[in-house]
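At position 77 of the sequence shown the residue is numbered 73 (the working numbering), and the sequence of numbers has no breaks. Yeah, the Cβ is synthetic: ideal placement off N, Cα and C, and Gly gets one too. Bear in mind the structure is a predicted one, so any value in this text is a computation, not a measurement.
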Amino acid sequence: SQAPKAIFNLNANYERQLSKALSLRLNASLRHRSSMFNQRQEQFLSKELTTVDLSAGIAGENDRWGLDLLVKNAFNQITEDFASPTIDPRFAAFYGAYMASPTQHRTITISAHFKY
């Protein structure tokens, strides 16, 4: 359980010097996992998931400072990250209910770094 048959990651980086004191950095990452079952006996199937993370930033001379904008799960792909039967079996028997948690939703972050 919780073991997809296939997992792969791709990453691309681009860096360009804008001036003597400033550089531009771009990054894109793609993560994929095939479908998987969340419990033994092949219960609670989670569909396949492919997410894209993007970042863009600028950095000063010798990377002494930098500012980055990061977007994780840019296209907001959602599936179950974990699922299991409910604690009270009556809910499953009468309503088909189960407990589940989704994958992380899109997050946008601004990051700054300084070296001293």
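What does DSSP give as the partner residues of residue i in its beta bridges?
i    : result
Y114 : The first residue shown for the chain is -3 and the last is 112, placing residue 114 beyond what the model contains.
N0   : The residue you asked about is not Asn; residue 0 is Pro in the sequence shown. The partner list for P0 (beta bridge, DSSP) is empty, contrary to what the question assumes.
A17  : According to DSSP, A17 bridges with nothing at all.
Pull up the CB-CB distance for residue i and residue j, whole angstroms please, since I reckon it's below 8 Å.
i   : j   : result
S19 : R12 : 7 Å
R21 : N5  : Not quite, the Cβ-Cβ distance comes to about 19 Å (not below 8 Å), so this is no contact.
Would residue i and residue j qualify as a contact pair, given that the criterion is a beta-carbon distance under 9 Å?
i    : j    : result
V48  : F71  : yes
Q73  : T103 : no
A105 : L66  : Note on residue identity: the sequence assigns Thr, not Ala, to residue 105. Yes, they are a contact pair.
Going straight from the alpha carbon of residue i to that of residue j, what length do you get?
i   : j    : result
N23 : A108 : 16 Å
R60 : K111 : 5 Å
N57 : D64  : For the sequence presented, residue 57 should be read as Glu rather than Asn. In a straight line, the C-alpha of E57 is about 15 Å away from that of D64.
E76 : P0   : 13 Å
F40 : S25  : 28 Å
A96 : K43  : 13 Å
A8  : A17  : 24 Å
S31 : H101 : 18 Å
Please classify residue i as buried or exposed, where buried requires at least 16 neighbouring CB atoms within 10 angstroms.
i   : result
A55 : buried
N69 : buried
L14 : exposed
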